[in-house]
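To start, the structure under review is shown below, and the notes come after it.
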Amino acid sequence: MSSSSRGSPKVVALGAEAAIVRYEFLGMPSIFKVRLPKPYRDPELDREVRSRRTLQEARVMRAAREAGARVPRVLLVLPRRALIVMEYVSGERFKEAEPRMGDKEACEVMMVIGEYVARMHLAGIVHGDLTTSNIILADEGPYLVDFGLAKFSNDPEDRGVDAHLMLRALESTHYARASKLFECFMSGYSSVAGEERAREVMDKVREIRMRGRYIEERRRKAGGRHE
Amino acid sequence: MRGPGTLVLGIESTAHTFGVAVASDKEPHILSDERHKYVPEKGGIHPLEASLSFMKHAPTVIRKALEEAGVTPRELDGVAAAFGPGLGPCLRVGATAARALAAYYHKPLLRVNHAVAHVEIGRLLTGARDPVIVYLSGGNTLIAAQVGRRYRVFGETLDVALGNFMDHFTREAGLAPPYVVGGLHQLDRCAEGGKLIPGFPYIVKGQDVSFSGLLTHALRALKAGHRLEDVCYTVREIAYSAIIEITERALAHTGKNEVLLVGGVAASPVLRKKFEVMAAERGATVKVVPPKYAVDNGAMIAWTGVLMLRHGMITPPEKAYVRQRWRIDEFELPWFT
């Protein structure tokens, strides 16, 4: 992997918000995440939004790492340039690897991810975009990546959303054993956060599921204004 | 004698407009379009008063719509009404009239979802095929797209709707009512010549937006003595940009290449320009429902009724109840293949 990352920058992904580029930084294979300017925004507002989010993402990544989740190291943050340089993690995405994996092996990955997420939640961090695409299987263990939607939060709702996203992602890629793999995730979660917290998360998952895209629930929260 | 063609009478009565129209599956599709609008003496809509006003005017509006189209009730192939979402008392007026007409004349009854109808009339009039839908009105802020024959919600507001937010702010700032003058909202008007004030909350949470914090912040900034045009400009830039940002995410996620703007707030030329800038970058096109049909009307209900009748989506009158909260994604769309 390291040899192929030398030389010219390579765009790995181009999302609605940011470009992910593989390149070198201080001789190390690295990922450059740049939030792209949006021409529809006032230029000053655009700079403000991008720099604020860049800083936020880097802070959350660092906090998640300190909390004990395996997250790429942040090497450089330039908020005014909307740039985060982070360590390049070599490995396959769980999304692609999972169908080929045995039950036990896949279950172990999900358990570890469950542990990471529990550690983050205990530290007041939610990932916000927990999917099988954002898990990278490196030699040293699975990594959790893409903290673009992550934030500091102690709201049980946000923790439930994390778990619910994970379940939904499992179902969309490998329906047959999704519930089994989600159990693995929750058992990892519970081993770190304790059963009570795990139960609280599960209750939220069920609640979120029940209300579909939970508009009515939110309206009630927002004061019941009729739309 | 009228040529062969499916004729449906549609009744809209979800909020402040009692609208009745006749639509056909044959061009020009919209054969009549009558409206009675309830205008409160002061403040917002009072649901009960609106419904009383509707009851008073319903027979006349229905009769006029039939006359204008040159159709007798017996010639109709179906009767449609918006059964939700909307204000209960208002919805019941249209629903009751539709049930009565359907039962008396033995016509199929079509239970239309108001939000779906906004989209369907938009698709008919703009030629959009399978767009990402941006539904912006006084009470709605919704980004949706058809997936698996339903309009799935990709993003929405977590608190107040965009139109509601704009009205509230301009009212508090002493600029409104009237909210819209010469086709421009007061917020767009007062933003002219304004400059950005840094530090206002710009809140996009994943696919969703939130405006309540922005409103509080803006009103505080006014009290603190910031120039009105600067506050207007900042607020508008943030509110519009946030909406466009979540629309862009929906485009990226679904891979669709059209954006359809529906609902009353979609009329803002400033907002439309911003949408076009975003879409151009993505190689997508923006389509806007003509203002006359962007607001509530009977034609959109009648037209959706035509589509439903074609697919046999008929509800017996005794089972046709209203639903004040009827989400757009709860409605099956067999016309998408």
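Taken in sequence, the protein lines are chains E and R.
The C-terminal position of the first sequence is numbered 237 in our numbering, with every residue numbered one higher than the one before it.
The C-terminal position of the second sequence is numbered 318 in our numbering, with every residue numbered one higher than the one before it.
For each residue, glycine too, the CB sits at the ideal point set by N, CA and C.
The model shown is predicted, which means the values in this text are computed figures rather than measured ones.
{"Check": "Entirely enclosed alpha helix (DSSP H) segments - the region 119 to 207 of chain E, minimum 4 residues", "Outcome": "166 to 183 and 188 to 203"}
{"Check": "Any C-beta of chain E under 8 angstroms from that of residue 224 of chain R", "Outcome": "no"}
{"Check": "Any C-beta of chain R under 8 angstroms from that of residue 185 of chain E", "Outcome": "no"}
{"Check": "Residue 17 of chain R - partner residues in DSSP beta bridges", "Outcome": "R:-1"}
{"Check": "Minimum Cβ-Cβ distance from residue 198 of chain E to chain R less than 8 angstroms", "Outcome": "no"}
{"Check": "For residue 261 of chain R, the three-state DSSP class (helix, strand or coil)", "Outcome": "helix"}
{"Check": "Local Cβ density within 10 Å of residue 20 of chain R, reported as buried at 16 or more and exposed below that", "Outcome": "exposed"}
{"Check": "Beta carbon proximity, residue 51 of chain E to chain R, threshold 8 angstroms", "Outcome": "yes"}
{"Check": "Nearest-angstrom beta carbon gap, residue 134 of chain E and residue 162 of chain E [assumed within contact, 8 angstroms]", "Outcome": "5 angstroms"}
{"Check": "Start-end ranges of the beta strand (DSSP E) lying completely within the region 68 to 143 of chain R, minimum 3 residues", "Outcome": "90 to 94, 113 to 117, 122 to 127 and 132 to 137"}
{"Check": "Buried versus exposed call for residue 287 of chain R [16 or more other C-beta atoms within 10 Å across all chains shown]", "Outcome": "buried"}
{"Check": "Residue 325 of chain R versus residue 119 of chain E: straight-line alpha-carbon distance, rounded", "Outcome": "Any question about residue 325 of chain R goes unanswered here, given that chain R covers just -18 to 318."}
{"Check": "Nearest-angstrom Cβ-Cβ length linking residue 68 of chain R and residue -5 of chain R, presumed shorter than 8 angstroms", "Outcome": "7 angstroms"}
{"Check": "Neighbourhood of residue 191 of chain R by C-beta, 7 angstroms cutoff - its chain only, sequence neighbours within 5 removed", "Outcome": "138, 139, 140 and 184"}
{"Check": "Continuous alpha helix (DSSP H) stretch holding residue 184 of chain R: start and end", "Outcome": "No alpha helix (DSSP H) contains residue 184 of chain R, which DSSP labels as neither H nor E."}
{"Check": "Under 7 angstroms by beta carbon: chain E residues contacting residue 177 of chain R", "Outcome": "52, 54 and 55"}
{"Check": "Distance between residue 83 of chain E and residue 38 of chain E (C-alpha atoms, nearest Å)", "Outcome": "12 angstroms"}
{"Check": "Residue 230 of chain E in three-state terms, based on DSSP", "Outcome": "Low confidence applies here, because residue 230 of chain E scores a pLDDT of 43, under 50, leaving its location unreliable; read the following figure in that light. Here residue 230 of chain E sits in helix by DSSP."}
{"Check": "The region 114 to 127 of chain R touching the region 291 to 302 of chain R, judged by at least three CB pairs closer than 8 angstroms", "Outcome": "no"}
{"Check": "Proximity of residue -12 of chain R and residue 60 of chain R at Cβ, strictly below 8 angstroms", "Outcome": "no"}
{"Check": "Interface flag, residue 177 of chain E vs chain R, CB-CB below 8 angstroms", "Outcome": "no"}
{"Check": "Per-residue burial, residue 231 of chain E [other beta carbons within 10 Å of its own, 16 or more giving buried]", "Outcome": "Model confidence at residue 231 of chain E stands at a pLDDT of 44, short of 50, so the residue's coordinates are unreliable and nothing is read from them."}
{"Check": "Neighbour list for residue 99 of chain E in chain R, Cβ cutoff strictly below 8 angstroms", "Outcome": "Chain R residues near residue 99 of chain E: none, gap ~23 angstroms exceeds 8 angstroms."}
{"Check": "Below-8 angstroms beta-carbon distance, residue 187 of chain R vs any chain E residue", "Outcome": "yes"}
{"Check": "Among R:58, R:250 and R:227, the one whose alpha carbon lies nearest that of residue 88 of chain R", "Outcome": "R:58"}
{"Check": "Exposure label - residue 114 of chain E; buried when at least 16 CB within 10 Å", "Outcome": "exposed"}
{"Check": "Backbone CA spacing between residue 129 of chain E and residue 281 of chain R [nearest angstrom]", "Outcome": "52 angstroms"}
{"Check": "C-alpha gap between residue 24 of chain E and residue 236 of chain R, whole angstroms", "Outcome": "13 angstroms"}
{"Check": "Bridge partner(s) assigned by DSSP for residue 266 of chain R", "Outcome": "R:239"}
{"Check": "Proximal chain R residues relative to residue 58 of chain E, where beta-carbon distance stays under 7 angstroms", "Outcome": "179"}
{"Check": "Contact list for residue 138 of chain E against chain R, beta-carbon separation under 7 angstroms", "Outcome": "187"}
{"Check": "Neighbour flag for residue 26 of chain E against chain R, beta carbons, 8 angstroms", "Outcome": "yes"}
{"Check": "Neighbouring residues, chain R, relative to residue 159 of chain E (Cβ below 9 angstroms)", "Outcome": "186 and 187"}
{"Check": "Closer than 8 angstroms at the beta carbon, the chain E residues around residue 124 of chain R", "Outcome": "Simply none; closest approach about 11 angstroms."}
{"Check": "Assigned exposure category for residue 65 of chain R - 16 Cβ within 10 Å defines buried", "Outcome": "buried"}
{"Check": "Which of helix, strand or coil DSSP assigns to residue 35 of chain E", "Outcome": "strand"}
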